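Engineer: My questions will all concern the structure given below.
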């Protein structure tokens with residue numbers, strides 16, 4: 002029976018079989034230290050047999066091995082445990098050294114080189130750690146929502162209309178007729194509030210924007226939820242707060258080793274995340290500089306960083322809700338603030354000074370949709386299916402979308418989303 | 002505090018608030034019976050107040066209501082419970098009747114009409130039930146794999162090469178350069194075996210095949226898993242069997258009401274699903290007819306139906322593994338059977354006479370990939386990233402892909418995948 006490297010201590014005093022890759026090999030006189038990497042961690046194997054040492058000398062890094070040996074607790078060993086008196090089977094012997102050195106604490110490669118050789122570079126324990134965190138985060142997201150009666154949906158990514166928002170879309174040749182890649186599941190998740198009331202989806206979204214920044218990619222993973230029978234956007238913010246709680250708890254429980262590689266604390270999600278209105282946010286960012294932003298309709302990345310610092314200093318919070326963004330900059334389905342109709346019942350959630358979530362209350366009355374489209378000079382015809390849901394009774398509803406990669410980047414302190422995306426897609430890169 | 006229709010019995014004797022849609026309204030002399038539909042089920046509301054009855058007479062179906070009243074157990078009521086002495090708030094009043102009648106036990110609409118009006122037709126309790134089953138199935142799939150140490154991955158859907166298999170791909174205009182929609186996460190999940198050993202993904206796949214059959218769609222949801230350090234394809238089949246167990250258990254636990262609408266029993270997954278070799282499968286299908294299939298390289302849908310009947314009759318099983326498909330008809334990454342190299346270490350799993358899963362052992366040696374590509378006249382260049390993983394040590398591995406819609410169709414007895422797809426995509430349909 003095979004053991005995982007991370008569970009070796011539990012087998013102390015016994016004979017176990019490990020399997021994995023030759024991560025590192027070092028001779029100290031007559032003794033050799035082999036570091037074996039498996040899907041979860043690293044294990045030290047001590048080799049004293051000179052014949053075996055000579056055999057291992059001849060192996061390439063990343064050789065695939067099965068190693069049987071005795072588990073010994075040892076204060077000097079990394080993790081306090083090691084395998085001794087090993088029997089080693091070479092399952093696969095590569096003939097070349099890897100294109101990047103995987104054995105240092107940090108990958109010694111430029112970001113571009115790491116991406117070019119992602120199939121190998123991702124094997125580095127620190128390179129793969131963000132994806133263990135992503136896996137735990139997705140599980141936490143779903144568990145929190147399922148516990149609250151949400152139904153998981155899978156909506157189409159090939160769509161017939163490109164009119165959800167101003168963002169650019171990728172065109173697909175769909176049997177000779179035009180179609181597009183969905184920018185988000187927004188329209189479908191709203192339709193399905195009419196069916197299930199509470200829905201969520203985890204899936205890819207596609208943005209053809211010619212951005213070339215560390216904070217944007219052309220394909221990313223969106224964690225979407227939508228909820229019916231809300232009071233207003235504050236109901237959505239309360240659900241989102243609970244979901245973030247679940248995500249942090251899942252990372253803490255399932256990916257503590259991965260988090261430890263980045264030396265950053267997990268955020269605490271306050272029971273009540275601080276909230277400020279957009280107009281107040283502008284005052285705060287204006288107060289500390291000469292910039293006049295009294296006419297601003299949106300926040301810049303610099304504003305977001307400043308507000309993140311403010312939340313940290315004044316509220317001791319990694320998170321900050323900004324509500325009431327001007328209607329002029331939000332998509333057509335946004336619900337206005339009934340008291341101040343130039344502002345919206347929408348929100349952004351900043352996490353450590355970066356926009357992580359966008360959400361809010363949506364319009365739910367058919368006539369309001371017709372007016373909203375008319376005001377923006379958008380034709381209702383391509384949205385006929387979507388509008389049909391509203392013609393036949395939709396409750397007050399709202400929802401949110403969390404960018405998975407931005408979440409993980411905030412947790413691990415990555416400055417570029419490419420570090421937390423397995424195979425990123427940008428203008429330069431569509432392979433591997 | 003709002004209650005769900007399905008939990009009404011638990012509130013007997015109390016005053017509760019429900020919310021939902023006016024599903025049906027019927028007057029019997031001075032009394033009216035309002036059926037309220039919420040995201041989970043139906044509740045009967047008894048109205049005796051003549052003024053309120055007159056108000057409800059004037060409401061359209063699908064009006065969005067909040068209903069407060071007293072919960073009474075009643076032998077005559079559907080489900081044995083009803084709400085009496087209601088106070089009704091109309092949250093949203095639609096002005097038109099729905100395009101399809103939602104109140105009959107079965108939707109009275111042609112399949113095409115139901116699809117054209119999916120945003121409303123999906124509200125019908127029997128139309129939405131397959132998606133409650135799908136939601137539970139996905140949860141069961143993930144839970145089974147996570148319990149076995151699998152990491153969830155999200156791989157790109159926009160890909161630079163179209164060479165995975167002979168199947169047709171959709172082309173995307175990617176900033177002026179050619180790109181394609183991924184036919185499956187196959188190449189990525191294999192690469193990631195080199196990183197995490199065990200991975201899974203739930204996501205959309207895209208096939209540009211001009212099929213127009215009840216068993217094919219151009220976009221569907223694939224439940225993918227891939228496992229390192231296997232013995233051969235039988236290790237994969239054992240994991241798949243456990244995963245199917247988890248999926249059936251999740252449907253039984255979470256979607257019993259949805260299943261009950263179809264009057265079909267849940268399948269039992271045998272601890273050991275019956276297995277026959279491809280050559281034996283051909284003998285079985287040849288035995289009962291004049292058809293000569295001694296030269297056949299694949300199974301037809303008719304063969305699959307016949308083999309499904311055989312598994313039922315002879316083994317009492319809804320499931321049947323067919324192993325050893327001829328190499329000639331399997332993709333280039335397929336591992337041959339070392340004993341009979343014209344046949345492969347691959348399998349299909351039939352569920353009630355339809356192919357539900359394809360899987361098998363993959364090649365893991367770099368040189369074997371070069372030979373396999375060469376034999377098929379495929380160039381290695383577009384696969385450079387994928388092949389790099391094999392140049393640097395990949396363990397014996399394999400995996401499988403379950404078609405989510407086929408699974409649900411088999412559970413509910415749907416003859417057409419369009420009945421179990423929220424917004425199906427075929428040559429005719431890219432909206433809504």
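Residue numbers (the numbering used here), protein chains in the order written: chain A, 2 to 433; chain B, 2 to 433. Don't be surprised by glycine CBs; every beta carbon is placed ideally from N, CA and C. Just so you know, these numbers come straight off a predicted model, no measurement behind them.
Sorted by chain position, which residues of the same chain lie with C-beta nearer than 6 Å to residue 129 of chain B's C-beta, five sequence neighbours on each side aside?
Structural biologist: Position 128 of the second chain, counted from the first residue, corresponds to residue 129 of chain B. Correct list, in chain order: 123.
Engineer: Any beta-carbon of chain B closer than 9 Å to the one on residue 236 of chain A?
Structural biologist: Position 235 of the first chain holds residue 236 of chain A. Chain B contact via Cβ: absent.
Engineer: Near residue 245 of chain B, which residues of its chain fall below 6 Å by C-beta distance, leaving aside the five closest residues on each side in sequence?
Structural biologist: Against the second chain, residue 245 of chain B aligns to sequence position 244. Closer than 6 Å at Cβ, skipping near neighbours: 270.
Engineer: Counting C-beta neighbours from all protein chains within 10 Å, is the total for residue 43 of chain A 16 or more, i.e. buried, or is it exposed?
Structural biologist: For the purposes of this step, residue 43 of chain A is taken as residue 42 along the first chain, with counting starting at 1. It counts as buried.
Engineer: What are the boundary residues of the alpha helix (DSSP H) that residue 138 of chain B is part of?
Structural biologist: As a working note, residue 138 of chain B is residue 137 in the second chain. Secondary structure note for residue 138 of chain B: its alpha helix (DSSP H) is the uninterrupted segment 126-148.
Engineer: Using a C-beta to C-beta distance shorter than 7 Å, which residues of chain B count as neighbours of residue 118 of chain A?
Structural biologist: Translated into the one-based positions of the first chain, residue 118 of chain A becomes position 117. What residue 118 of chain A touches in chain B: 389.
Engineer: Is DSSP giving residue 205 of chain B helix, strand or coil here?
Structural biologist: As a position in the second chain, residue 205 of chain B is number 204, starting the count at 1. Looking at residue 205 of chain B - three-state DSSP - the assignment turns out to be strand.
Engineer: Quick one: is the Cβ of residue 386 of chain B within less than 8 Å of any heavy atom of the ligand MG?
Structural biologist: The ligand MG is absent from the structure shown, which contains no ligand whatsoever.
Engineer: Hey, quick one: how far does the beta strand (DSSP E) through residue 31 of chain B stretch, first residue to last?
Structural biologist: Walking along the second chain from the start, residue 31 of chain B turns up at place 30. Here residue 31 of chain B belongs to no beta strand (DSSP E), and DSSP marks it neither H nor E.
Engineer: Would you mind sorting residue 183 of chain B into buried or exposed? The rule is 16 or more other CB atoms within 10 Å of its CB.
Structural biologist: Residue 183 of chain B sits at position 182 when you count from the first residue of the second chain. Residue 183 of chain B comes out buried.
Engineer: Find the residues of chain B that neighbour residue 392 of chain A, judging by a C-beta separation of less than 7 Å, and give them in chain order.
Structural biologist: The residue given as residue 392 of chain A occupies position 391 in the first chain. Result: 95 and 97.
Engineer: Residue 238 of chain A: which of A:362, A:421 and A:300 sits nearest, CA to CA?
Structural biologist: By one-based count along the first chain, residue 238 of chain A stands at place 237. Looking at the Cα atoms, A:362 is the closest of the given residues.
Engineer: Please name the residue or residues paired with residue 408 of chain B in a DSSP beta bridge.
Structural biologist: On the second chain, position 407 is the one that residue 408 of chain B refers to. Residue 408 of chain B is not bridged to any residue.
Engineer: With 9 Å as the threshold, decide whether the Cβ of residue 152 of chain B is near any Cβ in chain A.
Structural biologist: As a first step, residue 152 of chain B must be located in the second chain, where it is residue number 151. Answer yes: the Cβ-Cβ gap between residue 152 of chain B and chain A drops below 9 Å somewhere.
Engineer: Consult DSSP for residue 43 of chain B and reduce its assignment to one of helix, strand or coil.
Structural biologist: As a first step, residue 43 of chain B is located in the second chain; it is residue number 42 there, counting from the start. Three-state result, residue 43 of chain B: strand.
Engineer: Quick check: the region 345-356 of chain A against the region 319-327 of chain A, are at least 3 beta-carbon pairs closer than 8 Å?
Structural biologist: yes
Engineer: Hey, could you find the ends of the alpha helix (DSSP H) residue 89 of chain A is sitting in?
Structural biologist: Indexing the first chain from 1 puts residue 89 of chain A at position 88. Careful: residue 89 of chain A lies outside any alpha helix (DSSP H), inside the beta strand (DSSP E) at 82-93.
Engineer: From the DSSP output, read off the bridge partner residues of residue 360 of chain A.
Structural biologist: The sequence position of residue 360 of chain A within the first chain is 359, counting from 1. A:348 and A:401, per the DSSP bridge assignment.
Engineer: Report the rounded CA-to-CA distance for residue 373 of chain A versus residue 84 of chain B, giving the unit in angstroms.
Structural biologist: Residue 373 of chain A sits at position 372 when you count from the first residue of the first chain. Residue 84 of chain B sits at position 83 when you count from the first residue of the second chain. Their Cα atoms are separated by approximately 38 Å.
Engineer: Quick one: does residue 192 of chain A have its CB under 9 Å from some CB of chain B?
Structural biologist: Position 191 of the first chain, counting from 1, holds the residue named residue 192 of chain A. Closer than 9 Å to some Cβ of chain B, the Cβ of residue 192 of chain A qualifies, so yes.
Engineer: Nearest chain C C-beta to residue 315 of chain B closer than 9 Å, yes or no?
Structural biologist: In the structure shown, chain C cannot be found, because the protein chains are A and B.
Engineer: Could you give the C-beta distance for residue 435 of chain A and residue 91 of chain B, rounded to a whole number, given that I count them as a contact under 8 Å?
Structural biologist: Outside the shown range of chain A, which is 2 to 433, sits residue 435 of chain A, and nothing can be said about it.
Engineer: Which whole runs of the beta strand (DSSP E) in the region 239-289 of chain B are 3 residues long or more, in chain order?
Structural biologist: 276-278
Engineer: Spell out the partners DSSP gives residue 36 of chain A in its beta bridges.
Structural biologist: The residue you call residue 36 of chain A lines up with position 35 of the first chain. According to DSSP, residue 36 of chain A bridges with A:25 and A:45.
Engineer: State buried or exposed for residue 219 of chain A, treating a residue as buried only when at least 16 other CB atoms are found within 10 Å of its CB.
Structural biologist: The residue labelled residue 219 of chain A in the question sits at position 218 within the first chain. Flag for residue 219 of chain A reads buried.
Engineer: When you compare the CB of residue 90 of chain B with every CB in chain A, is at least one pair closer than 9 Å?
Structural biologist: As a first step, residue 90 of chain B is located in the second chain; it is residue number 89 there, counting from the start. No, residue 90 of chain B does not count as interfacial toward chain A.
Engineer: Please confirm whether residue 217 of chain B has its beta-carbon closer than 9 Å to some beta-carbon of chain A.
Structural biologist: Within the second chain, the letter at position 216 stands for residue 217 of chain B. Not one chain A Cβ lies under 9 Å of residue 217 of chain B.
Engineer: Distance check for residue 234 of chain B and residue 339 of chain B, CA to CA, integer angstroms please.
Structural biologist: Reading the second chain from its first residue, position 338 is the one you call residue 339 of chain B. Reading the second chain from its first residue, position 233 is the one you call residue 234 of chain B. Each residue's alpha carbon lies about 12 Å from the other.
Engineer: In terms of alpha-carbon separation, which member of B:52, B:21, B:414 and B:74 lies closest to residue 15 of chain B?
Structural biologist: If you number the second chain from 1, residue 15 of chain B lands on position 14. Ranking the options by Cα distance to residue 15 of chain B, first place goes to B:74.
Engineer: Would the region 170-187 of chain A and the region 210-229 of chain A be scored as touching if the rule is three or more Cβ pairs under 8 Å?
Structural biologist: yes
Engineer: What is the DSSP secondary structure of residue 355 of chain A, counted as helix, strand or coil?
Structural biologist: Numbered from 1 along the first chain, position 354 holds the residue referred to as residue 355 of chain A. If DSSP states are grouped into helix, strand and coil, residue 355 of chain A belongs with the strands.
Engineer: Three-state secondary structure (DSSP) at residue 60 of chain B?
Structural biologist: One-based indexing of the second chain puts residue 60 of chain B at position 59. Taken through DSSP and simplified to helix, strand or coil, residue 60 of chain B comes out as coil.
Engineer: On the DSSP letters alone, give me the boundaries of the alpha helix (DSSP H) that residue 392 of chain A sits inside.
Structural biologist: Against the first chain, residue 392 of chain A aligns to sequence position 391. Segment 385-392, the alpha helix (DSSP H) holding residue 392 of chain A.
Engineer: Ordered along the chain, which non-local residues of its own chain (more than five positions away) have a Cβ less than 6 Å from that of residue 38 of chain A?
Structural biologist: Counted from its first residue, the first chain places residue 38 of chain A at position 37. Hits under 6 Å: 21, 22 and 24.
Engineer: Can you list, in chain order, the residues of its chain whose CB lies under 7 Å from that of residue 250 of chain A, leaving out five sequence neighbours each side?
Structural biologist: One-based indexing of the first chain puts residue 250 of chain A at position 249. Hits under 7 Å: 141.
Engineer: Quick one: what's residue 175 of chain A bridged to in DSSP?
Structural biologist: What you label residue 175 of chain A is simply residue 174 of the first chain in a count that begins at 1. For residue 175 of chain A, DSSP records a beta bridge to A:178.
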